[in-house]
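Under this note's numbering, think of the first position of the sequence shown as 1, with each following residue one higher. By construction, the Cβ of each residue, glycine as well, lies at the ideal position given by its N, Cα and C atoms.
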Amino acid sequence: MNLYAGPSAYGAAVSDAVQTAEPQSAPPRSAESGRSRRVSRPTAKATEITDRFPVVHLNGGPPRPQARFVAVAGNIGAGKSTLTAFLASRFGIEPFYEPNDANPYLPDFYVDMHRFAFHSQIYFLSAKFRAHLNLARLLDANPRTVFVQDRTIYEDAEIFARTLHTRGTLSARDFETYDSMYRGIRDTLPRPDLLIYLRCSLKGLQRRIRKRGRPEEQAMDPQYLKDLQGAYEAWIDAYDLGPKMVIETEQLDYLRNLVDRVDLETALEELLHR
1 MNLYAGPSAY
11 GAAVSDAVQT
21 AEPQSAPPRS
31 AESGRSRRVS
41 RPTAKATEIT
51 DRFPVVHLNG
61 GPPRPQARFV
71 AVAGNIGAGK
81 STLTAFLASR
91 FGIEPFYEPN
101 DANPYLPDFY
111 VDMHRFAFHS
121 QIYFLSAKFR
131 AHLNLARLLD
141 ANPRTVFVQD
151 RTIYEDAEIF
161 ARTLHTRGTL
171 SARDFETYDS
181 MYRGIRDTLP
191 RPDLLIYLRC
201 SLKGLQRRIR
211 KRGRPEEQAM
221 DPQYLKDLQG
231 AYEAWIDAYD
241 LGPKMVIETE
251 QLDYLRNLVD
261 RVDLETALEE
271 LLHR
């Protein structure tokens, strides 16, 4: 069952990754940002599944009996689509990609970002909300199926729109309106049983973006990517919705390196209870 249009074929994703020798990420998306939750954070405890992939559980507790909803997060070029396809193939779980319908505001946004930032972000928020609702229905209807999602609504909201606001592209009034809408729907959605965050240095991201050669990414302002990187690191540090695993992808090659692949599979098998 291939859910939504997107990089759905594992073979194609692996082929792309091997050709570039770098993990690939999903088709470019503009996203949205919401207000960081200012609540007291629960105690976190790191549990070593393997030496390379520690998992942080809230309040020192174990993960749920089976991680049925796995989310993959990371900056542009971090390798989200490649890992999603790898997990789907290796563990026989269902990949869940972002809707691939074209944002009608995106061409105008690239021409006049200040004028069309709000329109574009609202469109993406709506599309991601519909996708999450569909995922929630699938989780309810398929109690024995594990789903892996490439990028979350939290990133759309907590990273991209917040960064646009911080950079002055999204006005304070528009950001507050957007943020209010996001917070209104956030808590109605199922939370990931496990969040996998892919970390890569800024230079590594830039190298991967150059190699994959997407035209719309080649003109990206380097400072914008740096701003996103800072927002991602702050977000993952504060993330408190469930267990999280941080994978350093700079030197990780689980597609071609047997040791890397075995270590990663061992870590995930413990969490997925496969």
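Judged by DSSP in its simplified three-state form, E248 adopts strand. In terms of CA proximity to Y197, V246 leads the group Y97, Q223, V246 and D156.
Per DSSP, R199 lies in no alpha helix (DSSP H); the unbroken beta strand (DSSP E) holding it starts and ends at L194 to R199.
DSSP places A71 in the uninterrupted beta strand (DSSP E) bounded by F69 to G74.
Taking E248 as the centre and dropping the five residues before and after it, the same chain places the C-beta of R199 closer than 6 angstroms to its C-beta, in chain order. Sequence-distant partners of Y123 (beyond 5 residues in either direction) whose C-beta falls short of 8 angstroms from its own C-beta, in its chain, are N103, P104 and Y105. As the crow flies, the alpha-carbon of K226 is around 38 angstroms from that of D140. Around the C-beta of D187, fewer than 16 other C-beta atoms lie within 10 Å, and the residue is accordingly described as exposed.
Proximity to V111 across I236, Q251 and M220 peaks at M220, based on C-alpha coordinates. DSSP, reduced to helix, strand and coil, places D150 within a strand of the structure shown. By the Cβ neighbour-count rule, D150 is buried, with 16 or more other Cβ atoms within 10 Å of its own. Per DSSP, P190 is not a residue of any alpha helix (DSSP H), being assigned neither H nor E. Between the stretch 204 to 216 and the stretch 81 to 91, the count of C-beta pairs closer than 8 angstroms stays below three; the two stretches do not touch. When rounded, the separation of the alpha-carbon atoms in S171 and I236 is 25 angstroms. Pairing G184 with T177, the inter-Cα distance amounts to about 11 angstroms. For S120, the enclosing alpha helix (DSSP H) covers residues M113 to A141. I236: member of the alpha helix (DSSP H) spanning P222 to A238, first to last residue.
Looking from the CA of Q218, the closest CA among V70, I76 and H165 belongs to I76. When the five nearest sequence neighbours on each side are left out, the beta carbons in the same chain lying within less than 6 angstroms of the beta carbon of F175 are those of H165, in order along the chain.
Just so you know, the alpha carbons of Q121 and Y154 end up roughly 13 angstroms apart.
Secondary structure at R144: coil, using DSSP grouped into helix, strand and coil.
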